[in-house]
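Undergrad: Would you mind keeping the following structure in view while I ask a few things?
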Amino acid sequence: MAPAFCNELKGSLVLTDLFNKTPVMQVAEALMGADNVLSCSGAQIALRFPSQLGAEAAQPGGHLDGLA
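Take 7 as the starting number for the sequence shown in this note's numbering and just add one per residue.
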């Protein structure tokens, strides 16, 4: 399991509303159907740490949590 950061913010409205109260929620509903999208109840703070000096930098990538 990845380490967690800023646990005090995980359920804060400032983060969850980025999904729940913006067009992102509407876009998700348009793509998957209104009955197939749940409101966000928590967020993850994912930090990217620097590599060793002189090491080749890893390509940035992403992932989606919570998809079944």
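We put the CB at the ideal spot given by N, CA and C, even for glycine.
1. Tell me which same chain residues have a C-beta within less than 8 Å of the C-beta of N26, skipping the five on either side of it?
2. Going by the DSSP bridge assignment, what does F25 pair with across the sheet?
3. Taking the DSSP output, what are the residues bridged to F11?
4. Could you say if the region 53-65 and the region 28-37 meet the contact criterion of at least three C-beta pairs nearer than 8 Å?
5. What residues in its chain sit with their C-beta under 6 Å from that of V43, if we drop five residues either side in the sequence?
TA: Well, looking at it:
1. Same-chain partners within the cutoff: S45 and C46.
2. Paired residue(s): none; F25 is not in a bridge.
3. For F11, the pairing in a beta bridge is given by DSSP as I51.
4. A contact is defined here as three or more CB-CB pairs under 8 Å, and the region 53-65 fails this definition with respect to the region 28-37.
5. So the list reads A34 and E35, once near-sequence residues are dropped.
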